[in-house]
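Asks: The structure under discussion is supplied below as structure tokens; questions concerning it will follow.
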Amino acid sequence: MRALLVRDVMTTSVVTVSPDLGYKQIADLLVDMGVSAVPVVGDDRKVIGVVSEADLLHKVEFNGAEVHAGLFERRRARRAKEKAAGETARDLMSSPAVTVAAGVPLTSAAQLMEHHEVKRLPVVDDDGNLIGIVARRDLLRRYLRTDAEIRADVLDGVLLGVLWLDPIEVEVTVAAGHVTLTGKVDRRSTAQIAARLTRTLDGVVGVTEDLEWGFDDTTLQHRYT
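Below is the structure:
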């Protein structure tokens, strides 16, 4: 029942550029390789930045005109003009790079992408060396599991492995990633925990908890809190 980690879905063959690579070569590389961004790495394989299509488009935005960043301009506007005048990866890249460790769960990687508004993350080892890259589409692989695989995880991982429930007592059905739990358990809290743990499984898109229970122990919890 181990959750998928970044190392399980990342691409290990990574297209990179050196800090001194020119604008034209970077643009050609993005088009030829069909990627939207590439890590910028030094000789030591440390990631020092990322160059994306958005970084290159600042030159298009200003249409090649000579631009000067004003002293009192907003930081974002100043940086856009600086990149518009840039000619190498070192000038164009966004730095420091937002990276992720290989052992991070996919949910954490997705949150990191959302927070920093990026589409892909360089993956680094404990020493900060580049070992892969993970993109948004890679994170969707957690939902490519079959209904049979999901059902097995619920039965073996949640019901037997965590709650020590006899699978005969709980019927588990899965349709297009949606899990339905029916049957009867001893306590209401057990039913709630079963549903909560099931929602965390890879491939699960939704859970319907329709379990009966013999004793409502949640009222006792509220009474003593």
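Numbering (this note's numbering), first residue to last: -19 to 205.
Don't be surprised by glycine CBs; every beta carbon is placed ideally from N, CA and C.
Mind pulling the alpha helix (DSSP H) runs of 4 or more residues that sit fully within the region 147 to 192?
Replies: Whole alpha helix (DSSP H) segments, 4+ residues: 168 to 179.
Asks: Express the C-alpha separation of Thr188 and Lys164 in angstroms, rounding to a whole number.
Replies: The residue you call residue 164 lines up with position 184 of the sequence shown. The residue you call residue 188 lines up with position 208 of the sequence shown. Approximately 14 angstroms between the Cα atoms of the pair.
Asks: What residue ranges within the region 71 to 110 form continuous beta strand (DSSP E) runs of no fewer than 3 residues, ordered along the chain?
Replies: Whole beta strand (DSSP E) segments, 3+ residues: 100 to 104.
Asks: Judging by CA-CA distance, which residue of Tyr3, Val80, Arg25, Ala(-17) is the nearest neighbour of Val31?
Replies: Taking the sequence shown and counting its residues from 1, one reaches residue 31 at position 51. Taking only the C-alpha atoms, the option nearest Val31 is Tyr3.
Asks: Is the region 177 to 184 touching the region 119 to 135 in the sense that three or more CB pairs, one from each, lie closer than 8 angstroms?
Replies: The region 119 to 135, when compared against the region 177 to 184, does touch it at the 8 angstroms Cβ threshold.
Asks: What is the DSSP secondary structure of Ala60, reduced to helix, strand or coil?
Replies: Within the sequence shown, numbered from 1, the residue matching residue 60 stands at position 80. Note: Ala60 maps to helix in three-state DSSP.
Asks: Within a Cβ cutoff of 8 angstroms, which residues of the same chain sit near Ile6, ignoring the five residues on either side of it in sequence?
Replies: Residue 6 sits at position 26 when you count from the first residue of the sequence shown. So the qualifying residues of the chain are Val(-3), Val18, Val31, Leu36, Ala69, Leu72.
Asks: Helix or strand or just coil, what does DSSP make of Gly141?
Replies: Residue mapping note: residue 141 aligns to position 161 of the sequence shown, counting from 1. Note: Gly141 maps to coil in three-state DSSP.
Asks: Would a C-beta distance cut-off of 8 angstroms place Asp197 and Ser169 closer than the cut-off?
Replies: What you label residue 197 is simply residue 217 of the sequence shown in a count that begins at 1. What you label residue 169 is simply residue 189 of the sequence shown in a count that begins at 1. A contact, by the Cβ cut-off of 8 angstroms.
Asks: Please classify Ala171 as buried or exposed, where buried requires at least 16 neighbouring CB atoms within 10 angstroms.
Replies: Within the sequence shown, the letter at position 191 stands for residue 171. Classification of Ala171: buried, given that the 10 Å Cβ count is 16 or more.
Asks: Determine the contact status of Asp190 and Thr160, defining contact as a CB-CB distance below 8 angstroms.
Replies: For the purposes of this step, residue 190 is taken as residue 210 along the sequence shown, with counting starting at 1. For the purposes of this step, residue 160 is taken as residue 180 along the sequence shown, with counting starting at 1. A contact, by the Cβ cut-off of 8 angstroms.
Asks: Roughly how many whole angstroms lie between the Cα atoms of Ala81 and Ala128?
Replies: As a first step, residue 81 is located in the sequence shown; it is residue number 101 there, counting from the start. As a first step, residue 128 is located in the sequence shown; it is residue number 148 there, counting from the start. Approximately 30 angstroms, taken between the alpha carbons.
Asks: Just grab the DSSP bridge partners of Gly29 for me.
Replies: In the sequence shown, the residue the question calls residue 29 occupies position 49. Val20.
Asks: Short check: CB of Val27 to CB of Val104, under 8 angstroms?
Replies: Against the sequence shown, residue 27 aligns to sequence position 47. Against the sequence shown, residue 104 aligns to sequence position 124. Yes; because the gap between Cβ atoms is below 8 angstroms, this pair is in contact.
Asks: Okay, do the region 59 to 67 and the region 82 to 89 touch, 3+ Cβ pairs below 8 angstroms being the bar?
Replies: The region 59 to 67, when compared against the region 82 to 89, does not touch it at the 8 angstroms Cβ threshold.
Asks: Below 8 angstroms between beta carbons: does that hold for Asp118 and Val(-5)?
Replies: Mapped onto the sequence shown, residue 118 falls at position 138. Mapped onto the sequence shown, residue -5 falls at position 15. Not a contact, by the Cβ cut-off of 8 angstroms.
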